[in-house]
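Protein chains in written order, with our numbering: chain L, 1 to 227; chain S, 1 to 405. Note that the Cβ used here is the ideal one computed from N, Cα and C, for glycine as well. Keep in mind the model is a prediction, meaning the values are calculated, not measured. Taking it in order: structure first as structure tokens, then the write-up.
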């Protein structure tokens, strides 16, 4: 298996006033297709930075990031947008749905940016909403949905472009434990269907769902183990 | 194009989400566009009214005077007399040659005097050239002019002043300069506020046969001559011939300046337009200024919107929106606000203009130019003031935008 994602010597520094704060200090990591990996670490360990870089929202200060063999650090802003659109499905802790759009509208959004036709878009969006169990909630707006339902919409939105990775950032952080478990089993299900899942969390029992655990400490990988 | 429709749709959606704010923002643009349309329409209407007023002088009539209108006044120039009239009568392509002499006199009847009325001594053809519709009676005839009959046609206001009880003035006598004249006709009311000031209407004029006028007032005021062309197109050839004939009769050498003036209503209209164009430009400028203020309002709101929706921008970027998509989205929002505001403003503008036209002598002109200008202006305002917030939105870093609370 050749790596889907390959990070080599990745560092990331932030400017804080005049001083440079290193957030990542040389990360080497390979993630294969269809892996289910959790990234853990206390706050300040570089978890969020790692997530931003993996999700192509940010670029490393140094080192290389290959995604399907393409060096992401070489991409322009517009190419990065396209890469995010095609390859990354984000699931955020706070759902980040557009409040005025319906569930269907929210799920359609990535397809609008990929330039899919109206009919194709609707069909595909309905299909994934059905898959996450929201067939009867498609025309509801986020404020008419429960937290768990909102996160399902967000997951449908992440899936709709058939991305290379699903990046879930504390997906259960805003949910009660029962709903959280439901969301996690949906994530497990997606993995079983062949999706590559990267789960960022600081809670051990959530991380247990993943099959590989990476722990970060002070910008280094302190642990990388199969579960 | 397809992407554009989606962007448009989402722009409209988010505007509908803040309906009150959107409407308040539109208000500024609306007022601006209304102002511009009213100003431009009023200007067009006034200009139309003035042009119509001057056209009373006849659009195919040349005025041969001692001086060129608007030219140098104290130039040495001989008075125009019978010699010039006879010479002009040889201009074959002219239609009418009508000499007239202007004097001012007191008119009286019974115990009523009115001072400083314009007495025009002219020939029977005068009313063929100048628009002088009669309310009562008739204009004088050729033989009456030749015989030097003491008869007159009076303007409407003179009639009202001298015949306050509304009695039939025809065949009654009035005194002009203490000489009795028989009234044979009354001119219809013509005046409005422009013509009253500019002496174009016949309301305060009295017309008498030219030989009588010459006998009473003498020749020292000189003649003016109206020459009409059969059609407007013929005005220029007629002018050329008149000039030739007049130069010949005055014995001017080639290259010498004309010592007479050939004028037309076109000429004063042009002078009038020249004189007023800066005023119009200033008014349009004021209108544009109010639109500018509206535009600043748009920018203000768009900046607030962009800040408020930082997180949405982050989400959209995470989902694959390019800078251009974000830029277009916010630019379109600004433009839509401007366009809708502009459209409402245009409708209001024409309503206001319609009302103004209804209660004033102004001619209502639906000015396509005003609409075009308004649209172009609002679009420019929309792009100009929408661009900065939109660029700001597009440049946001996705990481920071997503972190924004």
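Any residues in the region 315-335 of chain S with a beta carbon nearer than 8 Å to a beta carbon of chain L? Which ones, in chain order?
For the region 315-335 of chain S, the beta-carbon criterion of a distance under 8 Å to any beta-carbon of chain L is satisfied by 315, 316, 317, 318, 319, 320, 321, 322, 323, 324 and 325.
Helix, strand or coil, according to DSSP, for residue 3 of chain L in the structure here?
DSSP places residue 3 of chain L in coil when its eight states are reduced to three.
Would you kindly check if the distance between the Cβ of residue 59 of chain S and the Cβ of residue 188 of chain S is under 7 Å?
The answer is no: Cβ separation not under 7 Å.
Keeping to the same chain, check which residues put their C-beta closer than 6 Å to that of residue 104 of chain L; ignore five residues upstream and five downstream.
Closer than 6 Å at the Cβ level, and outside the excluded window around residue 104 of chain L, lie 125 and 138.
Taking a cut of 7 Å between CB atoms, which residues from the region 91-123 of chain L lie near chain B?
The chain inventory of the structure shown lacks chain B, comprising the protein chains L and S.
Distance, Cα to Cα, residue 104 of chain S vs residue 346 of chain S?
Distance between the alpha carbons of residue 104 of chain S and residue 346 of chain S: 49 Å.
When the Cα atoms are used, what is the spatial distance from residue 95 of chain L to residue 150 of chain L?
So the two alpha carbons sit approximately 7 Å from each other.
Give me the chain L residues within the contact set of residue 17 of chain S, using Cβ-Cβ distance strictly less than 7 Å, ordered along the chain.
The contacting residues are 100.
Of all the residues that make up the region 54-70 of chain L, which are near chain S by a beta-carbon distance shorter than 8 Å?
Along the region 54-70 of chain L, going in chain order, the ones with a CB nearer than 8 Å to a CB of chain S are 55, 57 and 58.
What is the residue span of the beta strand (DSSP E) that residue 26 of chain L lies within?
Bounds of the beta strand (DSSP E) holding residue 26 of chain L are 19-31.
Alpha carbon of residue 22 of chain S to alpha carbon of residue 11 of chain S, nearest angstrom:
Taking the straight line joining both Cα atoms gives about 12 Å.
Proximity to residue 209 of chain S [Cα-Cα], best of S:135, S:154 and S:334:
It is S:154 whose Cα lies nearest to the Cα of residue 209 of chain S.
Ignore the nearest five residues each way along the sequence and tell me which others in residue 430 of chain S's own chain have a CB closer than 7 Å to its CB.
With chain S represented from 1 up to 405, any question about residue 430 of chain S goes unanswered, as that position is not in the structure.
Proximal chain S residues relative to residue 82 of chain L, where beta-carbon distance stays under 7 Å
Residues of chain S passing the Cβ test: 320.
Which residues does DSSP list as the beta-bridge partners of residue 161 of chain S?
Beta-bridge pairing links residue 161 of chain S to no other residue.
Taking the alpha helix (DSSP H) that residue 334 of chain S belongs to, which residues open and close that run?
Run containing residue 334 of chain S: 323-359, per the alpha helix (DSSP H) assignment.
Three-state secondary structure (DSSP) of residue 396 of chain S:
Coil at residue 396 of chain S, not helix or strand.
Any beta carbon from chain L within less than 7 Å of residue 306 of chain S's own beta carbon?
At least 7 Å separates the CB of residue 306 of chain S from every CB of chain L.
Consult DSSP for residue 20 of chain S and reduce its assignment to one of helix, strand or coil.
Residue 20 of chain S: helix per DSSP, three-state reduction.
Measure the C-alpha to C-alpha separation of residue 91 of chain L and residue 19 of chain L and round it to an integer number of angstroms.
Residue 91 of chain L and residue 19 of chain L have their C-alpha atoms spaced approximately 32 Å apart.
Looking only at DSSP bridge pairs, what is residue 226 of chain S linked to?
Looking at the DSSP assignment, residue 226 of chain S forms a beta bridge with S:63 and S:98.
Rounded straight-line distance, which links the Cα of residue 140 of chain S to that of residue 124 of chain S
It is roughly 6 Å from the alpha-carbon of residue 124 of chain S to the alpha-carbon of residue 140 of chain S.
Nearest residue (CA-CA) to residue 169 of chain L, options L:49, L:50, L:130 and L:93:
Nearest of L:49, L:50, L:130 and L:93 to residue 169 of chain L, Cα basis: L:93.
What three-state label does DSSP hand residue 71 of chain S in the structure shown?
In this structure, DSSP gives residue 71 of chain S a state outside helix and strand, which the three-state scheme calls coil.
Would you say residue 119 of chain L touches the ligand ZN, meaning its beta carbon is less than 6 Å from a heavy atom?
In terms of ligand content, the structure shown is empty, and the ligand ZN therefore cannot be addressed.
Using a beta-carbon distance below 7 Å, is residue 177 of chain L in contact with chain S?
With 7 Å as the cut-off, residue 177 of chain L does not count as an interface residue toward chain S.
Using the Cα positions of residue 152 of chain S and residue 170 of chain S, report the straight-line distance between them to the nearest angstrom.
The straight-line gap from Cα to Cα measures roughly 10 Å.
First and last residue of the alpha helix (DSSP H) that includes residue 104 of chain L?
From DSSP, the alpha helix (DSSP H) with residue 104 of chain L extends over 103-114.
Give a yes or no on whether the minimum CB-CB distance between residue 52 of chain L and chain S is below 7 Å.
True, the Cβ-Cβ gap to chain S drops below 7 Å.
Distance, Cα to Cα, residue 375 of chain S vs residue 283 of chain S?
Between the alpha carbons of residue 375 of chain S and residue 283 of chain S lies a gap of roughly 18 Å.
I'd like to know if residue 399 of chain S contacts chain L, where contact means its C-beta is closer than 7 Å to some C-beta of that chain.
It does: the Cβ of residue 399 of chain S has a partner Cβ on chain L nearer than 7 Å.
Please confirm whether residue 185 of chain L has its beta-carbon closer than 7 Å to some beta-carbon of chain S.
Taking Cβ atoms only, chain S never reaches closer than 7 Å to residue 185 of chain L, which makes this a no.
Nearest to residue 237 of chain S (by Cα), restricted to the options S:342, S:248, S:94 and S:150
Just measuring C-alpha positions, the residue of S:342, S:248, S:94 and S:150 sitting nearest residue 237 of chain S is S:94.
Out of L:17, L:33, L:8 and L:34, state which residue places its alpha-carbon closest to the alpha-carbon of residue 26 of chain L.
Here the closest residue by C-alpha is L:8.
Under the three-state reduction of DSSP, which class applies to residue 71 of chain L: helix, strand or coil?
Under the three-state reduction of DSSP, residue 71 of chain L is assigned to strand.
Give me the Cβ distance between residue 298 of chain S and residue 385 of chain S, rounded to the nearest whole Å; I'm assuming they're in contact under 8 Å.
With a beta-carbon spacing of about 5 Å, residue 298 of chain S and residue 385 of chain S fall inside the 8 Å limit used to define contacts.
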